[in-house]
Every structure is written in structure tokens, then in C-alpha cells.
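All the letters of the sequence shown, read from the start, carry residue numbers 9 to 168 under the numbering used here.
Worksheet: one structure, shown below.
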Amino acid sequence: MLACALIGASPHLVAGAQVKYGVVVQTVKSAELAKARTYVWTVTRPSFDKTIDAQIVAAVDRELSARGFTKRPSGPSDVTVTYASVSRTDIDLKTSPRDGVPNQSAVGTLTVDLSNPTTRELLFRVRVDTPIDKNSAALESVIDASVKAMFEKYPSSPNR
């Protein structure tokens, strides 16, 4: 009974719900972001895979640079940047199983936050959920495309 309750509550199951993949902006403080020119990274929940971590950081650095930001290795800055990533398996219960196995797909979720370094107020939070192939050598291009799509939602134009 407990196992059934845990399976029913699992965020990995997609029963009857249409899964939405794509970019969602969760927080934007445009006025504060318009003044920001420098950033530093702060670590919170990075990928356990160091290669993926480096790819995400590099992709975010490229997008921030394209928007006129200058990265500082440490010290005072206008914003702090962090990200969190997780992978999950979505199970489609609406379609017929193949060979008795439910249809499954790997999904990556990436959230990037830009915050005020003094008050820690969230200035920009953007999230993307996208299907991934965990074993793919093309994961870096998925990361690049996802981060690019995320920053297309940034409130100011590139190269301010």
C-alpha cells in the first residue's frame, strides 16, 4: 500500500497530463537588471557531473556576455548568478507500453537565477524543461540551445 502511495505521488509519472517542455520565466525585475553590468558566480546546486557543470557555466557566461555583462572572479558585483539542474524520467501512461514497458523519456530541468548580492532578492529566474539523451555526446549542444532559449527571455536586448 505504501509503495502504491509513493508511486502515485511520484513527480516522475505523467498520468493524463500533457507534459509541457520549454522555457518559463518565473521572476523578472527589469528596472534592477537594466542597471546591472557585472556578475559573480555563487554555488548552490550544481550538476554532479563536472563536465555538465562546466558546459552549463560556459553557456550562461556566453549569454550574459552577449547581454553586456562582465564576469568577475570574486568580490563585489551587480548580480550573483547560480543555477540548479536535475534530470528525471517522465513516464507516459496515456500511450500503450512497448513490449510491456511504459513509454519513458529522460528530461533535463535547468533553472538559472540572477540575484541582488546584498539583499539576495531574486531579479531574474528562468527555467527550462527539455527532453535529453543522457548518453548522448550531443548533450553539450542541448545545453547550449537550452541556455540560449532561456536568455532570449531576458528583459533587455543583447549588447545593451
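Note that CB positions come from ideal geometry on N, CA and C, so glycine has one too.
- For the stretch 49-113, the full-length alpha helix (DSSP H) segments reaching 4 residues or more read 58-74 along the chain.
- Here Asp152 carries a helix assignment [DSSP, helix/strand/coil].
- With contact defined as three or more Cβ pairs closer than 8 angstroms, the stretch 53-64 and the stretch 30-41 are not in contact.
- By the C-beta density criterion, Thr119 is buried, having at least 16 other C-beta atoms within 10 angstroms.
- Rounded to whole angstroms, the separation of the alpha carbons of Arg45 and Gln112 is 42 angstroms.
- Within its own chain, the residues whose Cβ lies closer than 8 angstroms to the Cβ of Gly83, once the five positions on either side in sequence are excluded, are Val48, listed in chain order.
- Annotation for Val51: Thr90 place their beta carbon closer than 8 angstroms to its own, counting only its chain and skipping 5 residues before and after.
- Residue burial annotation: Ser93 is buried, with at least 16 other C-beta atoms found within 10 angstroms of its C-beta.
- In this structure, the alpha-carbon of Ser154 lies about 29 angstroms from that of Thr127.
- Take Glu40, set aside five residues on each side of it, and the residues of its chain with a beta-carbon closer than 6 angstroms to its own are Leu131, in chain order.
- One thing to note: Val115 has its Cβ within 8 angstroms of the Cβ of Ile140.
- The C-beta distance from Lys58 to Asp69 rounds to 16 angstroms, too long to meet the 8 angstroms contact threshold.
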